[in-house]
Amino acid sequence: MGKYKFLEDRAIADAAFEAEGKSLEELFEACAQATFEVMAETDTVEAKNKEEIQLKSDDLEELLFNWLAELIYLKDLKATLFNKYQINIEKPGGYELRASIWGEPIDAEKHKVKVDVKAVTYHLLEVKKSDDKWIAKVILDI
Amino acid sequence: MQMNKIQEGVWEIPKTEKDGMRVPARIFASEKLIEIMDKGVFDQITNVACLPGIQKNALCMPDGHWGYGFPIGGVAAFSTKDGMISPGGIGFDINCGVRLIRTDLTLEEVKPKMETLMDTLFKLVPAGVGSRGIVKLNSSTFKEVMIKGVDWCIENGYGWQEDRDRIEEGGHMKGANPSKVSQKAISRGIDQLGTLGSGNHYLEIQVGLADQIYDPEIAKVYDVSKPDQIFVMVHCGSRGFGHQIATDYLQIFLNAMKKYGIRILDKELACAPFNSSEGQDYFSAMVCAANSAFANRQVITHRIREGFSEVFNKDARDLGMHIVYDVAHNIAKIEKHNLDGEEKEVIVHRKGATRSFPPNHLAVTDVYREVGQPVIVGGSMETGSYLLAGTQKAYDMTFGSTCHGAGRVMSRMAAKRKVRGTELRQRMTERGMVVRAVSMSGLAEEAGLAYKNIDEVVKAVDSIGISKKVLQLRPLGSIKG
């Protein structure tokens, strides 16, 4: 299981976090968790509805950007918060991501909603491998 | 970074300060504001100064702070012939803006009904994460909204004929092309017309006290000079629709830059020649989002009028609920400006900056042409807001631009550590304010202490002369998403 922490001095009007995982899959899961934790208390979200995501990107930063952009899009489209992810990332040439994600329709009271995330940004976006773990830094537009 | 004082309130970073700068950068701020301005602003505004086709100066307003790509408060004009357009110079929330609605009501009349009024408005204007609007659109009617903006609302019963004359661009910009908008953007935004959103967006009931009218003559023309007059201010943008368009085109532009061989210092400054197919496609999609944002604030206005009508048992017209004005502060516009003694067509990017056009400018609505356009500066929910007027000096010095708000100084996390939402609400209630918030932590992030002193910001733009103080507004009630 990956983990994340919010960063205080990396953005003023927006939300910044650093996430890490032993694998790319764990890293991407942690980034998704952080993104939804900005919007609500994710431990109140039940894994009721399932969505599928498939993405292809040339590099890892673009893949992470597209992954979070897709989650933010689905949040509005389905008016749903997500909190369970099954991710598979392969690199046949470029990167390919396939994921099943679960969540439930947004209930402001039940999920103790916080602030909406408008978009993921490329500002200071980083994905890198350090020793045996993957680390990413992300800034979300609020 | 070296910074020279050019005149009182104007600071210049010369071209020699960063490799690749094509023009100097200029920051408009008092001594006090320049001291507290975060260093990210200087780095980001000098990055903007490196973009191809930039004219005269890269500018930052006194409420400027660190953003991504452009700083918030950034203004830059590019030649439409050989300059760039950059989604990062506009922001993800295309046509985020502020609308001010006047009433004939006074503080004395509204005070006893504040709780009921706020409950009514909180019910009528959906706010917060996941909220959906009351207007049911299909993809064909949504495309009409993209093209017609506020006109669509008026035709469909969400506004008055006169409303369009009191909105920047008449409530719809020309050049919208819905075929340049992705299906994703359409499906993301189709249910959100008439919603406030969250973050720093708000709906406020405000009062203009008699001793806070700074320019009685202009206040009279804006019809805001009644002592203790009640106003409603709405701050929001194009919602998921605009955010998706910005996200889509950021990716398109990053690819286009390889094609055009453009080098930039920050991916969020991704840009393409305004005249390229990518540049033109983005501009027509951006206009779709801008028009939907004008429409969003229009539908909210309609609901506000309904709410007041219900609470005061009087038709909104009889309550004098005219729009004062509506400004866009995240936008790019084609305008004509004087450059080296010549009138040139440029695409002016304003990201967290407001247009501030002078008296007698043809782009200023007939209603206000003699005094210049109203400039609405939304402050934090604790400190209040201002109504200013556009000036010739702004036209000459800042491509007709001024500040847009107070400007943040403290991160969202730091603000939450300093104050809890429930405490803040308590404090505001003790001061006589009525607060309705979907999220308590969201409320804490917007505490007054997270922002610069708006009085200081407005004093700066007024004394530099890039807008003129007309009226100060005090908050009475605040709705937050």
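Chains A and B, in that order, are what the protein sequence lines are.
Number 72 in my numbering belongs to position 72 of the first sequence; there are no gaps in the numbering.
If you count the second sequence from 1, you need to add 142 to reach my numbering.
Cβ coordinates follow ideal geometry from the N, Cα and C atoms, glycine included.
Own chain, CB closer than 8 Å to residue i, minus 5 neighbours either side, in chain order
i	result
D180 of chain B	H207, W208, V551
A536 of chain B	S498, F499, P500, G542, S543, T544, G607, I608, S609
N472 of chain B	I232, G233, D235, I236, N237, C238, G239, G379, R492, K493, G494
E96 of chain B	Because chain B is modelled from 143 through 623, residue 96 of chain B falls outside the range shown and cannot be assessed.
D508 of chain B	D307
Y122 of chain A	E61, F65
Own chain partners of residue i with C-beta closer than 7 Å, once the 5 adjacent residues on each side are dropped
i	result
D293 of chain B	R306, G313, H314
N199 of chain B	V165, P166, A167, R168
D381 of chain B	Sequence check: residue 381 of chain B is Arg here, not Asp. Taken in chain order, the residues that qualify are G331, Q334, T337, G339, N438.
Y391 of chain B	P229, Y424, A427
V517 of chain B	V469, T496, S498, L530, A531, G532, T544, S609
C-alpha gap between residue i and residue j, whole angstroms
i	j	result
K137 of chain A	F184 of chain B	23 Å
V45 of chain A	I214 of chain B	34 Å
I12 of chain A	A602 of chain B	22 Å
E131 of chain B	V599 of chain B	There is simply no residue 131 of chain B to check, as chain B begins at 143 and stops at 623 in what is shown.
E126 of chain A	K409 of chain B	12 Å
V323 of chain B	C430 of chain B	8 Å
K112 of chain A	K611 of chain B	40 Å
E25 of chain A	H343 of chain B	35 Å
L64 of chain A	L124 of chain A	13 Å
G272 of chain B	I404 of chain B	38 Å
E150 of chain B	S581 of chain B	42 Å
L351 of chain B	L615 of chain B	7 Å
C31 of chain A	M288 of chain B	33 Å
C202 of chain B	G103 of chain A	42 Å
G563 of chain B	A15 of chain A	18 Å
T443 of chain B	S434 of chain B	14 Å
K300 of chain B	A269 of chain B	For the record, residue 300 of chain B in the displayed sequence is Tyr; it is not Lys. Distance between the alpha carbons of Y300 of chain B and A269 of chain B: 19 Å.
Own chain partners of residue i with C-beta closer than 6 Å, once the 5 adjacent residues on each side are dropped
i	result
R578 of chain B	M260, F264, I621
P194 of chain B	M226
T525 of chain B	G590, I596
K594 of chain B	A548, G549, V551
H479 of chain B	V488, F541
C-beta atoms of residue i and residue j nearer than 8 Å
i	j	result
G331 of chain B	Q386 of chain B	yes
G21 of chain A	K133 of chain A	yes
V519 of chain B	Y510 of chain B	no
K75 of chain A	L81 of chain A	yes
G521 of chain B	L338 of chain B	no
V576 of chain B	G619 of chain B	yes
D232 of chain B	I465 of chain B	Note that residue 232 of chain B corresponds to Ile in the displayed sequence, not to Asp. The answer is no: Cβ separation not under 8 Å.
T245 of chain B	F450 of chain B	yes
G421 of chain B	A432 of chain B	no
A470 of chain B	F383 of chain B	no
V115 of chain A	V38 of chain A	yes
A34 of chain A	A19 of chain A	yes
A557 of chain B	E512 of chain B	no
Three-state class that DSSP yields for residue i in the structure shown
i	result
E420 of chain B	helix
D185 of chain B	helix
H491 of chain B	strand
P358 of chain B	helix
V271 of chain B	coil
R381 of chain B	helix
K318 of chain B	Reading the sequence as shown, one finds Ala at residue 318 of chain B and not Lys. In the structure shown, A318 of chain B sits in coil (DSSP, three-state: anything other than H, G, I, E or B).
V577 of chain B	strand
Q33 of chain A	helix
M539 of chain B	helix
D293 of chain B	helix
P597 of chain B	The sequence shown places Asp at residue 597 of chain B, rather than the Pro named in the question. Three-state DSSP puts D597 of chain B in a helix.
K5 of chain A	strand
Q515 of chain B	coil
C202 of chain B	strand
R627 of chain B	Residue 627 of chain B lies beyond the residue range present for chain B, which begins at 143 and ends at 623; the question has no answer from this structure.
P85 of chain B	Because chain B here runs from 143 to 623, residue 85 of chain B falls outside it and cannot be looked at.
P639 of chain B	Here chain B comprises residues numbered 143 to 623, so residue 639 of chain B is not present and cannot be evaluated.
N146 of chain B	strand
S172 of chain B	coil
Y510 of chain B	helix
For residue i, the residue or residues it bridges with in DSSP
i	result
W134 of chain A	A:G21, A:K129
L615 of chain B	B:S527
D305 of chain B	DSSP lists no partner for D305 of chain B.
M375 of chain B	B:L242, B:E346
H479 of chain B	B:K486
D43 of chain A	In DSSP, D43 of chain A forms no bridge with anything.
E587 of chain B	E587 of chain B pairs with nothing; no bridge assigned.
L465 of chain B	Residue identity check: residue 465 of chain B is Ile in the sequence provided, not Leu. In the DSSP output, where bridge partners are listed per residue, I465 of chain B has B:I243.
L74 of chain A	Answer is none; L74 of chain A lacks a bridge partner.
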